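Everything on this sheet refers to the single structure shown next.
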Amino acid sequence: MSCTRSRKDIQELVDGTLGRIREAELRQHLDECPSCRALFDDLQRVRDVAATIEPIAPPDHVWLQIAGRLRQEGRVQDAPAPIAHRHQYVWLAIAAALVLAVGASLVVLIPRITDSPSVADRSGAGNSPAADAVQSGVDDLRKAEQLLQSGAAKLKEGLGSGEDALPPAVVATLESNLQILDQAITESGAALQKDPQNVAARTSLFDALQRKISLLQDTITLMNEMRKGNAAGVAQVVEGGNKS
Amino acid sequence: MSGLTRGVSRQDDVALVERCRRGDLGAFEELYRQHAGRLYSVAFRMVGNAADAEDLLQEIFLSAHRKLETFRGDSALGTWLYRLAVNLCLDYLRSRTGRAIQMTDALDDEPGLFDASSKGLAERTVTKMDLERALTQLPEGCRAAFVLHDIEGLEHREIADVMGIAEGTSKSQVHKARLRLRALLSR
Chain A
1 MSCTRSRKDI QELVDGTLGR IREAELRQHL DECPSCRALF DDLQRVRDVA
51 ATIEPIAPPD HVWLQIAGRL RQEGRVQDAP APIAHRHQYV WLAIAAALVL
101 AVGASLVVLI PRITDSPSVA DRSGAGNSPA ADAVQSGVDD LRKAEQLLQS
151 GAAKLKEGLG SGEDALPPAV VATLESNLQI LDQAITESGA ALQKDPQNVA
201 ARTSLFDALQ RKISLLQDTI TLMNEMRKGN AAGVAQVVEG GNKS
Chain B
1001 MSGLTRGVSR QDDVALVERC RRGDLGAFEE LYRQHAGRLY SVAFRMVGNA
1051 ADAEDLLQEI FLSAHRKLET FRGDSALGTW LYRLAVNLCL DYLRSRTGRA
1101 IQMTDALDDE PGLFDASSKG LAERTVTKMD LERALTQLPE GCRAAFVLHD
1151 IEGLEHREIA DVMGIAEGTS KSQVHKARLR LRALLSR
């Protein structure tokens, strides 16, 4: 057998498709020709190593992106009923957690604002460094609040009225909670305007703004996770909300 | 057994596709879970990086969803998806290189590959990582055939079907890829 013919047959021998007679001829040639033998051994090694290469798992987010696109394009129906129900329970849990958190904050906040004497009343001194720090924090929080409020409004506008939209009961709860927090912000702001040294009013304003920002952040995160169809992300936010 | 039809019957395929056609997202996720691993591996090894492979995988499944109506069950769902995936990968590579992918079936344009004096692998150790690295340096056409045959385990007739080439062309592309890999790994 010539080396030219041998090299054609080597390909089939590596593939395992060479007939028995030609294989016997080729093997005889390989015993006599070191160059063809080396070629066969090398190609067989390449094939053997290739066969051990494992599949690579795609990252999880690829499926979420695909599902999100299909939903966005209206090419799939709502998620199957059990999942939809699960979402509804999730939202109810969020709403309950929010009501508890906001309600508890108001029980603490409002009496503190109205009853507390001002720092000036107690010490007769000017602003303490701690009070200045609180005032500066309040200014920063006001700015953050405005940004988040506008972000949440835009996101809400962008969501359709379908599966991605927040359920009406949840929207009502969120709006009610925001109203309560706004009331606390207005009242503590008014108390502070009346008595700029009232530390309790500043602290309450600070606290209410923080709670409002946190509520808006959670709402935005949840709307994003819902839009992406990320049930795990929703659960994570809920878990965080329940812990806070 | 063929590399494309293991474990799932044609009837199962048709039933699953039917549910997907009705807009059942859960069914489409099932289809995705069955095939995404192998299709992602092919895409990753054909384009050579994770970011492009992820984009392609997304495009493969969105395109599959759009084309579900055309799946008649004549071929296995795996074959149908592979065909879609390989074509999208080749389109992507064409657009990236700005030229057609060569699918010649001759090895005459491979000077030096059969040269008896060229260094072989000899006692050199070849790891999976070495091979994966060398793979990225192959011409796209023979890389695709090699990935499908030697890594994914498809038969030449399946590759011919998936890539729209003759069976003989698939054989020579795979052989060409092995020769090139040998040369690359010998350096």
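For the record, the sequence lines run as chains A and B. If you're matching positions, the first sequence starts at 1 in our numbering and goes up one per residue. If you're matching positions, the second sequence starts at 1001 in our numbering and goes up one per residue. We put the beta carbon where it would ideally sit given N, CA and C, even for glycine. Note that the coordinates shown come from a computational prediction; the quantities given were computed from them, not determined experimentally.
Inset, instruction - Please confirm if Arg202 of chain A has its CB atom under 8 angstroms from at least one CB of chain B. - result: no
Inset, instruction - Taking only beta-carbon positions, decide if Leu1038 of chain B is within less than 8 angstroms of chain A. - result: Looking at the sequence itself, residue 1038 of chain B is Arg, so the reference to Leu does not match. Taking Cβ atoms only, chain A reaches closer than 8 angstroms to Arg1038 of chain B, which makes this a yes.
Inset, instruction - Could you tell me whether any Cβ in chain A is nearer than 8 angstroms to the Cβ of Leu1016 of chain B? - result: no
Legend entry - Through-space distance from Leu1056 of chain B to Arg1096 of chain B, alpha-carbon basis: 13 angstroms
Inset, instruction - Say whether the stretch 29-44 of chain A touches the stretch 1029-1044 of chain B, bearing in mind that this needs 3 or more beta-carbon pairs closer than 8 angstroms, one atom from each stretch. - result: no
Legend entry - Selection from B:Ala1183, B:Gln1137 and B:Thr1125 that minimises the alpha carbon distance to Val49 of chain A: B:Thr1125
Inset, instruction - Entirely within the stretch 16-52 of chain A and at least 4 residues each: give me those alpha helix (DSSP H) ranges in chain order. - result: 20-32 and 34-51
Legend entry - Distance CB(Arg1045 of chain B)-CB(Val1174 of chain B) smaller than 8 angstroms: no
Legend entry - 8 angstroms Cβ cutoff, Asp42 of chain A in contact with chain B: yes
Legend entry - Top-ranked residue by Cα proximity to Pro1139 of chain B, from B:Gly1153, B:Lys1176, B:Gly1168 and B:Gly1164: B:Lys1176
Inset, instruction - Could you tell me whether the Cβ of Gln72 of chain A comes closer than 8 angstroms to any Cβ of chain B? - result: no
Inset, instruction - Give the DSSP-derived three-state secondary structure of Phe1061 of chain B in the structure shown. - result: helix
Legend entry - From A:Phe40, A:Lys212, A:Asp207 and A:Thr186, residue whose alpha carbon lies closest to that of Asn177 of chain A: A:Lys212
Legend entry - Same chain, Cβ closer than 7 angstroms to Gly103 of chain A, neighbours up to 5 away in sequence not counted: Reliability of the predicted coordinates at Gly103 of chain A is poor, the pLDDT of 47 falling under 50, and no value is obtained from them.
Inset, instruction - Quick one: measure Cβ to Cβ for Ser1170 of chain B and Ala1134 of chain B, integer angstroms, because I've assumed they're closer than 8 angstroms. - result: The Cβ separation is near 20 angstroms, so there is no contact.
Inset, instruction - Could you pull out every residue in the same chain whose Cβ sits closer than 8 angstroms to the Cβ of Leu39 of chain A, ignoring the five residues on either side in sequence? - result: Arg7 and Ile10
Inset, instruction - State yes or no: is the C-beta of Arg75 of chain A within less than 8 angstroms of the C-beta of Gly1026 of chain B? - result: no
Legend entry - Stretch-stretch touch, CB-based, cutoff 8 angstroms, three pairs: the stretch 178-190 of chain A with the stretch 203-211 of chain A: yes
Legend entry - chain A within 8 angstroms of Asp1150 of chain B, Cβ atoms only: yes
Inset, instruction - Tell me, please, whether the CB atom of Ala190 of chain A is closer than 8 angstroms to any CB atom in chain B? - result: no
Inset, instruction - Take Val1017 of chain B and list the residues in its own chain whose beta-carbon comes closer than 8 angstroms to its own, dropping the five residues that flank it on each side. - result: Leu1031, Leu1068, Phe1071, Gly1073 and Leu1077
Inset, instruction - Just the C-alpha distance for Glu54 of chain A and Tyr1040 of chain B, rounded to the nearest angstrom, thanks. - result: 12 angstroms
Inset, instruction - Just confirm the distance between the C-beta atoms of Gln983 of chain B and Ile180 of chain A, as a whole number of angstroms; I'd bet it's less than 8 angstroms. - result: Only positions 1001 to 1187 of chain B appear in this structure, which leaves residue 983 of chain B out of reach.
Inset, instruction - Using a Cβ-Cβ cut-off of 8 angstroms, state whether Ala296 of chain A counts as contacting chain B. - result: Residue coverage of chain A in this structure runs from 1 to 244, which leaves residue 296 of chain A outside it and unanswerable.
Legend entry - Backbone secondary structure at Phe1071 of chain B - three-state DSSP: coil
Legend entry - Cα-Cα separation between Val1042 of chain B and Ala57 of chain A, rounded to whole angstroms: 11 angstroms
Inset, instruction - Would you mind telling me which residues of chain A sit closer than 9 angstroms to Lys1171 of chain B, beta carbon to beta carbon, in chain order? - result: Gln11, Glu12, Asp15 and Thr17
Inset, instruction - Use the C-beta contact count for Ile1151 of chain B: other C-beta atoms within 10 angstroms, 16 or more gives buried, fewer gives exposed. - result: buried
Inset, instruction - Verify the CB distance criterion: does Ile213 of chain A have a CB-CB separation below 8 angstroms to chain B? - result: no
Inset, instruction - Taking only beta-carbon positions, decide if Arg22 of chain A is within less than 8 angstroms of chain B. - result: no
Legend entry - When A:Arg20, A:Thr52, A:Ser2 and A:Leu18 are compared against Thr1127 of chain B, the one with the closest alpha-carbon: A:Thr52
Inset, instruction - Select from B:Glu1029, B:Leu1090, B:Ala1064 and B:Asp1013 the residue whose C-alpha is nearest the C-alpha of Gly1048 of chain B. - result: B:Leu1090
Legend entry - Whole-number beta carbon distance between Leu30 of chain A and Arg20 of chain A, since they are thought to touch under 8 angstroms: No, Arg20 of chain A and Leu30 of chain A are not in contact; Cβ-Cβ is about 15 angstroms, not under 8 angstroms.
Legend entry - Per-residue burial, Ser2 of chain A [other beta carbons within 10 Å of its own, 16 or more giving buried]: exposed
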